[in-house]
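Please read the structure below before turning to the comments.
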Amino acid sequence: MRGATVLFLTLYLLRAMVASVNSALSGVHVWLFAGGLFVAYSALMFPFRRGFTVSILAGLLCDSVAPVPFGTHAALFGAAHAVVFNARARLQRDDTSVRVMVALLVNLALFLALSFARIRHVPSGATVWPRLLSDLAWSEAAVALAAPWFFALQARALELARANRRHSA
Amino acid sequence: MDRLQVLLHMPPSDRFRFEHARVAQRDFSGWWQRMVIRKGADYGITVGAPVVYSGGVVGRVAEVHAYTSVVELISDPGLRIAAVVDGDTRPISYQGAENQAFGPSRGVIEFVPLDIYASGSSPKRLATSGLGGVYPPGLTIGRIVHVEASADGLFKTGEVDLDPRLAELTEVTVLVPANPG
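Just so you know, the sequences run in chain order B and Z.
According to the working numbering, the first sequence is numbered sequentially starting from 1.
According to the working numbering, the second sequence is numbered sequentially starting from 170.
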């Protein structure tokens, strides 16, 4: 339980940092999405129930500040968590590069899923795709850069809370 | 005060109470264009209240919380406003459009009368019409930089350049209706 709480706090910090960066980048019309970082570590390293709870809570946190039907992020994060958890036995999940690759793939899938869910609410849907693809490219670059640092932060936070024992299902 | 209102195209203060607020956070994605301001129900902000700055319209209040409010910007692809071309009284429809990365915010206009001409070298000011019931008339929305005949030939469509300062606002003014409802 302590591990899940610490992990959620790191995700809360991530949410605040992403919001601040997006606010700062508003002048150049670039917007970053980091959904993959909310799911990757808990899905790769935690037992299913605790990790799934953290992912759902992170999704609800994102839902609370986005103009989407409440539960959209939570449902998508939960689905992504389940997929990654089922695939993790075949992955070298202690390798940082593998974790980063998982975060990038999850980020890509979540961004596209949110885009398709959101696009029907935009009257001129087709015209926003160039901007969405631009945001996606910048988001993937940002996730690739931030993921090793953020995974290290999460591991260190779990160490400090003495909740860093190997979490295997 | 009256002279300032005329200069800024502000509505008379007896219809609205001006509530100045700082911008806490901007959230400009391809899906939505919103900002959070540091005043909410504690200052009597109401959903739907128009939000302005010295350059014209910012948007309208979409959500009101206890101490903050969320403002939907005129660059949001989901926002529509009844507008008029400066010097003309016929209403046209304005809507937020794509906001390209590293480019200016843009909007599109529809149902433009055929005798309206504008181009990048001779743009026309687009202002609120006051017909929608949300925004007072005469507030600047942007500059019409391109118009062309629409597919049906009955009207024209066009593009509107929005003020680049919209993306970097730090303070805005909410026009809280003096007699809501």
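Glycine included, every Cβ here is placed at the ideal spot set by N, Cα and C.
None of the values given here were measured: they were computed from a predicted structure.
Under 7 Å by beta carbon: chain B residues contacting residue i
i, result
"Glu-279 (chain Z)", "Residues of chain B passing the Cβ test: none, with the nearest at roughly 11 Å."
"Phe-379 (chain Z)", "No information on residue 379 (chain Z) is available, as it lies outside the stretch 170 to 350 that chain Z covers here."
Three-way DSSP call (helix, strand, coil) for residue i in this model
i, result
"Leu-300 (chain Z)", "coil"
"Met-101 (chain B)", "helix"
"His-81 (chain B)", "helix"
"Gln-92 (chain B)", "coil"
"Gln-194 (chain Z)", "strand"
"Asp-284 (chain Z)", "coil"
"Gln-202 (chain Z)", "strand"
"Ala-231 (chain Z)", "strand"
"Asn-22 (chain B)", "helix"
"Glu-188 (chain Z)", "strand"
"Leu-338 (chain Z)", "coil"
"Val-30 (chain B)", "coil"
"Val-122 (chain B)", "coil"
"Asn-348 (chain Z)", "coil"
"Gly-256 (chain Z)", "coil"
"Arg-2 (chain B)", "helix"
Listed by chain order, chain B residues near residue i by CB distance under 9 Å
i, result
"Ala-252 (chain Z)", "Near Ala-252 (chain Z) there are no residues of chain B at all, since even the closest Cβ is about 16 Å away, more than 9 Å."
"Ala-336 (chain Z)", "Ser-26, Gly-27, Val-28 and His-29"
Alpha-carbon to alpha-carbon, residue j and residue i
i, j, result
"Asp-257 (chain Z)", "Glu-241 (chain Z)", "27 Å"
"Pro-67 (chain B)", "Leu-110 (chain B)", "16 Å"
"Arg-259 (chain Z)", "Met-204 (chain Z)", "31 Å"
"Val-102 (chain B)", "Leu-136 (chain B)", "16 Å"
"Leu-105 (chain B)", "Gly-36 (chain B)", "7 Å"
"Gly-213 (chain Z)", "Gln-194 (chain Z)", "20 Å"
"Gln-269 (chain Z)", "Pro-346 (chain Z)", "34 Å"
"Val-239 (chain Z)", "Gly-247 (chain Z)", "15 Å"
"Met-17 (chain B)", "Ala-34 (chain B)", "10 Å"
"Phe-38 (chain B)", "Ala-19 (chain B)", "14 Å"
"Val-21 (chain B)", "Leu-32 (chain B)", "8 Å"
"Thr-326 (chain Z)", "Tyr-263 (chain Z)", "10 Å"
"Gly-3 (chain B)", "Gly-51 (chain B)", "9 Å"
"Phe-151 (chain B)", "Thr-72 (chain B)", "25 Å"
"Val-329 (chain Z)", "Leu-133 (chain B)", "23 Å"
"Asp-255 (chain Z)", "Ser-42 (chain B)", "56 Å"
"Val-28 (chain B)", "Arg-162 (chain B)", "42 Å"
"Ser-55 (chain B)", "Thr-10 (chain B)", "12 Å"
"Arg-312 (chain Z)", "Phe-187 (chain Z)", "25 Å"
"Leu-112 (chain B)", "Asp-284 (chain Z)", "43 Å"
"Ile-114 (chain B)", "Val-30 (chain B)", "Per the sequence shown, the amino acid found at residue 114 (chain B) is Leu instead of Ile. Approximately 17 Å between the Cα atoms of the pair."
"Ala-320 (chain Z)", "Ser-288 (chain Z)", "19 Å"
"Ala-251 (chain Z)", "Phe-324 (chain Z)", "16 Å"
Chain-ordered chain Z contacts of residue i [CB-CB under 9 Å]
i, result
"Pro-69 (chain B)", "None at all; the shortest Cβ gap to chain Z is about 13 Å."
Cβ-based burial, residue i [other Cβ within 10 Å; buried from 16]
i, result
"Met-45 (chain B)", "buried"
"Val-216 (chain Z)", "exposed"
"Ser-168 (chain B)", "Here the model assigns Ser-168 (chain B) a pLDDT of 47, short of 50, so the residue's position is not dependable and the matter cannot be decided."
"Glu-140 (chain B)", "buried"
"Glu-267 (chain Z)", "buried"
"Pro-130 (chain B)", "exposed"
"Asp-245 (chain Z)", "buried"
"Pro-140 (chain Z)", "Only positions 170 to 350 of chain Z appear in this structure, which leaves residue 140 (chain Z) out of reach."
"Ser-64 (chain B)", "exposed"
"Phe-85 (chain B)", "buried"
"Ala-146 (chain B)", "buried"
"Gly-265 (chain Z)", "buried"
"Pro-219 (chain Z)", "buried"
Residue i: contacting residues in chain Z (beta-carbon distance under 7 Å)
i, result
"Asp-135 (chain B)", "Ser-198 and Gly-199"
"Leu-19 (chain B)", "Here residue 19 (chain B) is Ala; the residue named in the question, Leu, does not match the sequence. In chain order: Gln-194."
"Ser-139 (chain B)", "Neighbours of Ser-139 (chain B) on chain Z: none; closest Cβ ~10 Å, over 7 Å."
"Arg-118 (chain B)", "Trp-200"
"Arg-131 (chain B)", "Gly-199, Glu-267, Asn-268, Gln-269 and Ala-270"
DSSP beta-bridge partners of residue i
i, result
"Ser-262 (chain Z)", "Z:Ala-251 and Z:Glu-279"
"Asp-330 (chain Z)", "Z:Arg-275 and Z:Arg-312"
"Glu-317 (chain Z)", "Z:Thr-326"
"Val-220 (chain Z)", "Z:Gly-228 and Z:Val-343"
"Lys-293 (chain Z)", "Z:Ile-313"
"Leu-242 (chain Z)", "Z:Gly-228"
"Asn-268 (chain Z)", "Z:Ser-274"
Per-residue contacts from residue i into chain Z (C-beta, under 8 Å)
i, result
"Val-128 (chain B)", "Gly-199, Trp-200, Pro-246 and Glu-267"
"Ser-23 (chain B)", "Gln-194, Arg-195 and Asp-196"
"Val-122 (chain B)", "Trp-200, Pro-246 and Gly-247"
Chain B contact residues for residue i, given Cβ-Cβ distances below 8 Å
i, result
"Arg-203 (chain Z)", "Pro-67"
Listed by chain order, chain A residues near residue i by CB distance under 7 Å
i, result
"Leu-60 (chain B)", "Although the question refers to chain A, the structure presented lacks it and instead comprises the protein chains B and Z."
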